[in-house]
Amino acid sequence: MPTPAPLPRSSPEAQGLSSRAVLSWLDALAADDLELHSFVLLRSGAVIAEGWWAPYRPERVHRLHSLSKSFAATAIGFLVAEERVGVDDPVVSLFPDDLPATVEGHLAALRVQDLLTMRTGHAEDVTGALFEAPDNDWGRAFLAQPTQYPPGTHFVYNSAATFMLSALVQRLTGETLLDFLRPRLLEPLGIGEAHWVSNPQGINVGGWGLHLTTEGVARFGQLYLQGGRWEGRQVLPQSWVEAATRAQVPPGEDEASDWAQGYGYQFWRCRFEAYRADGAAGQFCVVMPQQRAVLAITAEVPNMQRVLDHVWAHLLAGMGEGRPLPDDPIAQEALRTRCASLNLAVPEVTDEWDGASRDETYIFEANEEGLRWARLTSSPTFCRLTLADERGEHAIDFGLMDWRAGRTTLWPGGEEPVLARAGWQRGGTLALTMLLIEGGFRWEVVIDGQVGTLAFQLMPAAFPDEQTLLARRSDVG
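Per the working numbering, the sequence shown starts with residue 1, numbered consecutively.
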């Protein structure tokens with residue numbers, strides 16, 4: 001595939017936004033202790049600000065969680081354009097081999113559109129039933145779930161519905177969802193590296209699990225902002241863009257919530273006539289049509305609404321009509337410096353490594369995570385922490401005061417890329433940080449040699465209470 005053309009770059013002022021507004025947005029995020037990993041801000045198709053909190057980097061992919069859903073829905077848009085399926089097609093006609101013995105009335109009435117709008121008739125999310133399917137047949141498990149409402153009448157956020165969209169793509173085309181999208185969406189937009197988690201049957205899970213770069217997410221949003229056009233070509237029908245991003249599901253009653261403004265085809269409506277794709281912990285692709293702007297964010301935050309509140313207050317409010325503003329060299333340089341020096345807030349360590357050799361074992365108190373023991377081994381040039389749970393032992397090697405790249409099986413979802421750093425804190429404790437660099441999560445360990453304890457912390461937003469597991473040093477190896 002040829003190297004994609006870079007997105008044009010511009011100053012915020014040239015596109016009608018003050019650099020000071022972007023700086024105030026970054027200040028507000030920091031004041032609220034909101035952990036962003038990256039952002040790319042586009043206006044009129046040009047990147048006007050971007051940043052990555054080191055050690056996150058532009059070329060790395062990031063797990064998008066439910067932002068993946070909007071890509072899955074887009075695949076259905078391509079199938080509709082190719083006349084291979086219609087939004088009013090009955091789902092039972094598309095999965096004839098997976099139906100229960102008795103097809104009740106609600107199931108018979110289920111349409112593709114109901115999967116897209118998450119009005120499947122279920123009273124609650126049935127995704128858990130897919131994981132529990134004894135034969136690992138997720139499609140059969142979905143169709144077997146009882147429905148309490150007529151399809152198309154009751155909205156409930158339901159990742160299993162998105163899985164069925166992915167299963168539909170694979171059934172009709174013989175390709176996984178990602179492989180189907182590559183020549184139709186990713187390659188035309190210049191989106192390079194991408195991977196998608198699959199279920200035991202080899203079907204991309206659809207509702208989560210897509211990994212893309214932040215710029216890839218921004219390009220996706222720009223395609224929708226442009227009505228499906230890219231570099232003069234109609235990549236996706238404009239009619240699909242309009243249908244997918246309007247409120248197919250009517251708004252709720254909470255005018256202050258961006259989760260109560262209506263729902264389209266796997267897109268959320270926002271306040272201020274914006275819309276977005278989003279995923280857990282602050283993965284965002286926000287499209288602001290009136291401002292001709294797109295904002296892509298990756299993050300690990302417990303309060304996603306707060307992130308959007310700051311977007312509206314500092315960025316959208318400052319965009320005005322889009323006429324160029326006078327140059328502000330001081331603010332522009334301050335913004336460039338700020339974006340180039342962003343760093344993830346991790347424990348501070350000294351620039352000296354205690355070269356003592358250690359071989360210490362710590363036994364965990366009983367905990368829901370199933371961690372049993374940890375073993376620290378170190379030398380003047382080496383540091384390793386091995387953790388054991390019911391699945392086995394998981395060894396992670398650490399860089400000394402700097403990040404070391406590796407892979408870990410400690411994450412229960414499978415092997416993950418990890419960056420790990422060890423260093424001494426001024427109080428005499430050893431701080432170990434393990435960053436799942438694609439997943440966006442991290443673990444932090446603090447070892448107090450004098451007291452003989454090891455504290456293992458599961459960081460928010462996945463664990464907003466900052467759950468800490470305690471282990472004590474054992475005299476038995």
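A virtual CB, placed ideally from N, CA and C, is assigned to each residue, including glycine.
These numbers come from a predicted model, not from an experiment.
Residue nearest to residue i in terms of C-alpha spacing, selected from the options
{"i": "residue 12", "options": "72, 282, 315, 447", "result": "315"}
{"i": "residue 188", "options": "228, 149, 51", "result": "228"}
{"i": "residue 266", "options": "427, 208, 313", "result": "208"}
{"i": "residue 433", "options": "356, 397, 413", "result": "397"}
{"i": "residue 133", "options": "445, 124, 145, 122", "result": "145"}
{"i": "residue 34", "options": "156, 114, 343, 159", "result": "343"}
{"i": "residue 440", "options": "165, 38, 47", "result": "38"}
{"i": "residue 26", "options": "367, 392, 406, 337", "result": "337"}
{"i": "residue 186", "options": "381, 255, 212, 391", "result": "212"}
{"i": "residue 79", "options": "112, 399, 120, 48", "result": "112"}
{"i": "residue 348", "options": "107, 325, 423", "result": "423"}
{"i": "residue 18", "options": "324, 355, 413, 392", "result": "324"}
{"i": "residue 280", "options": "272, 259, 291", "result": "259"}
{"i": "residue 235", "options": "451, 74, 475", "result": "74"}
Exposure of residue i, with buried meaning 16 or more beta-carbon neighbours within 10 Å
{"i": "residue 222", "result": "buried"}
{"i": "residue 162", "result": "buried"}
{"i": "residue 248", "result": "buried"}
{"i": "residue 340", "result": "exposed"}
{"i": "residue 421", "result": "buried"}
{"i": "residue 86", "result": "exposed"}
{"i": "residue 114", "result": "buried"}
{"i": "residue 437", "result": "buried"}
{"i": "residue 427", "result": "exposed"}
{"i": "residue 58", "result": "exposed"}
{"i": "residue 31", "result": "exposed"}
{"i": "residue 131", "result": "exposed"}
{"i": "residue 158", "result": "buried"}
Own chain residues within Cβ distance below 7 angstroms of residue i, not counting five before or after
{"i": "residue 45", "result": "8, 222"}
{"i": "residue 409", "result": "394, 415"}
{"i": "residue 99", "result": "92, 143"}
{"i": "residue 287", "result": "221, 224, 225, 274, 275, 276, 294"}
Own chain partners of residue i with C-beta closer than 6 angstroms, once the 5 adjacent residues on each side are dropped
{"i": "residue 199", "result": "138, 205"}
{"i": "residue 283", "result": "64, 65, 67, 298"}
{"i": "residue 196", "result": "178, 204, 209, 210"}
{"i": "residue 55", "result": "403, 419"}
{"i": "residue 435", "result": "419, 442"}
Sequence-distant residues of the same chain with beta carbon closer than 8 angstroms to residue i, five excluded per side
{"i": "residue 175", "result": "169"}
{"i": "residue 371", "result": "364, 387, 388, 389, 456, 469, 471"}
{"i": "residue 429", "result": "446, 447, 448, 449"}
Residues that residue i bridges to, as DSSP identifies them
{"i": "residue 397", "result": "384"}
{"i": "residue 389", "result": "392"}
{"i": "residue 279", "result": "283"}
{"i": "residue 375", "result": "361, 386"}
{"i": "residue 468", "result": "457"}
{"i": "residue 448", "result": "453"}
{"i": "residue 343", "result": "54"}
{"i": "residue 297", "result": "39, 284"}
{"i": "residue 434", "result": "420, 443"}
Near the ligand ZN: residue i beta-carbon under 7 angstroms from a heavy atom
{"i": "residue 438", "result": "Looking at this structure, you won't find the ligand ZN or any other ligand, since it has none at all."}
Any C-beta of chain D under 8 angstroms from that of residue i
{"i": "residue 226", "result": "The displayed structure is made up of one protein chain only, and chain D is not part of it."}
*Those runs of the alpha helix (DSSP H) which lie wholly inside the stretch 205-268 and span at least 4 residues*: 214-225, 238-245
_Sequence ranges, alpha helix (DSSP H) only - wholly within the stretch 116-166, length at least 4_ = 127-131, 138-143
_Residue ranges of each beta strand (DSSP E) within the stretch 35-65, 3 or longer_ = 36-43, 46-52
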